[in-house]
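Numbering follows the UniProt record's numbering, with no gaps: position 478 of the sequence shown is 478. The C-beta atom is built at its ideal place from N, Cα and C for all residues, glycine as well. All values derive from a computational prediction rather than experimental measurement.
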Amino acid sequence: MSDRWTVACVVCLCLTGIALTGVASDAAVAQSTATPDETTNATVQHEDPDSVSDSGDVQQLRRWLGNRLDSQLESSSVALSEGEYERARAVLGDDYDSRLEQYVDVAGDTGGGGDGDAGETYREVGQNQRNLTTQLQRFERAQERYQSARREGNTSEARAAAREMARLADRVNDTGTSVTQGYARLGNQTGIDTAAEQTALRNVTTNTTETATTVRRQTFVETNLTVLDATRTIAYDDPLRLTGRLATANGTAVTNEGLVIEIADRPRQITTDGDGRFELAYRPRTLPHNASTVTVQYVPDNASIYLGSSATLPVEVEQVPATLTVRNATDETSYGRPAGGTAVLEVEGEPVEGVPLTATLGGVSLGRATTDERGRVRFRSNLSARVSPGQRSLRVSTALSKRAITTAGSNATVDVVSTPTTLSVDATRADENVSLTGQLTTEAGDPVDSQTVSITRDGSLVTTVRTDEDGRFAATLPTDGSAATVDVGARFDGGGTNLESSRATVTISTDVNASDGGVVNWLFGDGRWFTIAAGVVILAGGGLFVRRRRTREEAPDEAVDRSTPTRTATPTADDALVAALDRADRFLDGGAAGAAVRAAYAGVRDGYLEASSTDTHWELLERSEALDDAERTALERIVETYERAAFSAEGIDRDDAAATIDAARSLFERDPAEPADD
1 MSDRWTVACV VCLCLTGIAL TGVASDAAVA QSTATPDETT NATVQHEDPD
51 SVSDSGDVQQ LRRWLGNRLD SQLESSSVAL SEGEYERARA VLGDDYDSRL
101 EQYVDVAGDT GGGGDGDAGE TYREVGQNQR NLTTQLQRFE RAQERYQSAR
151 REGNTSEARA AAREMARLAD RVNDTGTSVT QGYARLGNQT GIDTAAEQTA
201 LRNVTTNTTE TATTVRRQTF VETNLTVLDA TRTIAYDDPL RLTGRLATAN
251 GTAVTNEGLV IEIADRPRQI TTDGDGRFEL AYRPRTLPHN ASTVTVQYVP
301 DNASIYLGSS ATLPVEVEQV PATLTVRNAT DETSYGRPAG GTAVLEVEGE
351 PVEGVPLTAT LGGVSLGRAT TDERGRVRFR SNLSARVSPG QRSLRVSTAL
401 SKRAITTAGS NATVDVVSTP TTLSVDATRA DENVSLTGQL TTEAGDPVDS
451 QTVSITRDGS LVTTVRTDED GRFAATLPTD GSAATVDVGA RFDGGGTNLE
501 SSRATVTIST DVNASDGGVV NWLFGDGRWF TIAAGVVILA GGGLFVRRRR
551 TREEAPDEAV DRSTPTRTAT PTADDALVAA LDRADRFLDG GAAGAAVRAA
601 YAGVRDGYLE ASSTDTHWEL LERSEALDDA ERTALERIVE TYERAAFSAE
651 GIDRDDAAAT IDAARSLFER DPAEPADD
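Structure follows, in structure tokens:
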């Protein structure tokens, strides 16, 4: 029997396996994509939004997704009212976030309207309800601590737990109010009835507040703080001088007690006299220069029997100029090496303590710190890759604007030197895929983390990956099957950084017979060919029949030609784009890094690129040919982080989310927002 006949039989056997697998796949697809039954009006439960073309189907899918979100919110509310906090949290987990993203996409495809706003409201309500769940769970634990301490006669522990209950009850009340208001907005935007959810959450909030109030009355003595005398016009060089008195609610003086009094949120240690009186002075530093009042507050320690109290007094603030100087600035630095200097803040030669300062190098933050008793702050940080090479400005300024102390800031010059990089790659064949691993390092061998590396096949971009803390990366990419060998590699574009570009390529065989004789040697060794040939004779006919049938069935399907998305001629931050980035910032501030990334990605997708609504994030990137290197680097960062936020079980951290928002902002050519006031 000739080798040619044997090889033909082997091919038939392979075709048989492929054909049978294809039939099974067809059956699975047919089952999962069945259309609604016209008689029963049953709804398709798992339809891919990207595959829907008919507007009626899209509307139906939007309603289904909205109903799913409503059901999850309702289930979470019921669980909260029953004290089942883990269940309440789990209901609003990854599935809720996934359905929400689908809802937002589909609502946009159908014209949005109020539903576009509803998507944002669903997001806010879900996040607030998760926060409320955590707060209620902590309140319950504090209540258990309080009850246990009371049973054991541990007064100081009971008081500490009672104070925590009071603090948490205030947060529960605020968050509960936000959630119920969100439910009311959902009702207006979607027409759903949220009365049951609102009632359940109001009951939970009310019960928490009442419990905390009862415990407070059982445990503490209320106090009154009275301001007897105070200066009206104040400045750093003309401090406020105040005389006050602390007494219980029935007028009994709190005598000879060491207390903490906060004025404008700055604590002071004082001791009351025999009549409960005390005196203190306050130099305004970070108080807004247009402040018309300051608050004086008694802050008891956790073990105290007394409750806190406060008073408000009118003031007029006069600004005082301060001198800010940068000393001992780094002369020269490069990636990963230290950079920074020492800042000194003074008023008429006297050091100013307690003022927050920020430092940037080439516009990239080196950190924030508060001046010490000598008016000093030392800024020192390893240089980020984001600082471009050349003579760069090290700038130190006050973190807060329009305050009682004002300064023009100070600058020094630092020489940032570019750093050569090296890419190493290794590839192995696994079935019909290639597994690629590699590392990005400096020329000296130091790992380079948090950088985007493009993975290529025969010179064409396939995907992008992010280096980890050791500079390592990995990717799996399919072979195209058209050649016996394939060139796979990686390239790093250092544009916009102080790192130089690098690339590496490795050639790998895609021939399954290329390694030590491969399958052919196995087939014909030790007389195995006879057994296999017999099996082929039995299976070949049926396999080829199925294969031909599938070929005929699949022939009409044509690839869909999609237009290439391009960026707008002038990317400007209009109201919608600003709103998208502002939402991203709010999510990030609230600890929702994944939601922040999704909001930033949506803003770029919808506002910066004229893309088809059916484009996936990677398709969007691959066909965005009109971008320059800097834009493409930013878009690659956004897309890669979005993929992890949307589909990875591991999620992302705050730093990745912040970097993604910065990349989105760079596309819109917007100046970074001024630092928020403390």
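| Check | Outcome |
| --- | --- |
| For Arg-472: DSSP bridge partner residues | Gln-439 |
| Per-residue burial, Glu-210 [other beta carbons within 10 Å of its own, 16 or more giving buried] | exposed |
| Nearest to Leu-477 (by Cα), restricted to the options Ala-161, Glu-469, Ala-444, Ala-430 | Ala-430 |
| Beta-carbon separation (whole angstroms), Ile-508 vs Val-462, contact threshold 8 angstroms | That pair is no contact at about 14 angstroms. |
| For Phe-587, the three-state DSSP class (helix, strand or coil) | helix |
| Cα-Cα separation, Thr-497 to Arg-503 | 16 angstroms |
| Given 8 angstroms, three or more beta-carbon pairs between the region 349-360 and the region 391-407 | yes |
| Leu-246 to Ser-304 span [Cα, whole Å] | 14 angstroms |
| Endpoints, the beta strand (DSSP E) within which Asn-203 is located | Note, Asn-203: premise wrong, no beta strand (DSSP E); alpha helix (DSSP H) at 195-219. |
| Neighbour-count burial assignment, Gln-269, 16 or more Cβ in a 10 Å radius | exposed |
| Rounded straight-line distance, which links the Cα of Arg-87 to that of Gln-143 | 20 angstroms |
| Cα-Cα separation between Ser-450 and Arg-472, rounded to whole angstroms | 10 angstroms |
| Coarse secondary structure for Tyr-601, derived from DSSP in three states | helix |
| According to DSSP, residues forming a beta bridge with Ile-405 | Val-320 |
| Which residues DSSP lists as bridging Val-347, in chain order | Glu-350 |
| Own chain residues within Cβ distance below 7 angstroms of Gln-391, not counting five before or after | Thr-413, Asp-415 |
| Pair within 7 angstroms by beta-carbon distance, Asp-458 and Asp-487 | yes |
| Candidates Ser-309, Glu-262, Thr-467, of which the one nearest Thr-641 by Cα | Thr-467 |
| Option in Gly-367, Gly-83, Ala-169 with minimal Cα separation from Thr-205 | Ala-169 |
| Beta-carbon proximity list for Phe-139, same chain, < 7 angstroms, skipping 5 on both sides | Met-165, Leu-168, Ala-169, Val-172, Thr-208 |
| Nearest candidate by alpha-carbon position, reference Asn-250, set Thr-223, Ser-365, Arg-99, Ala-235 | Thr-223 |
| Endpoints, the beta strand (DSSP E) within which Glu-279 is located | 277-282 |
| Ser-71, DSSP secondary structure in three states | helix |
| Identity of the residue in Val-91, Val-58, Leu-635 nearest Ser-71 by Cα | Val-91 |
| Strand pairing of Ser-310, partner residues [DSSP] | Gln-297 |
| Pairwise C-alpha distance: Gln-135 and Arg-217 | 22 angstroms |
| Neighbourhood of Phe-278 by C-beta distance below 8 angstroms, restricted to the same chain and skipping five residues each side | Thr-243, Gly-244, Arg-245, Leu-246, Leu-259, Ile-261, Ile-270, Thr-271, Thr-272 |
| Through-space distance from Tyr-282 to residue 680, alpha-carbon basis | Given that the chain is displayed from residue 1 to residue 678, the structure contains no residue 680 and the question cannot be resolved. |
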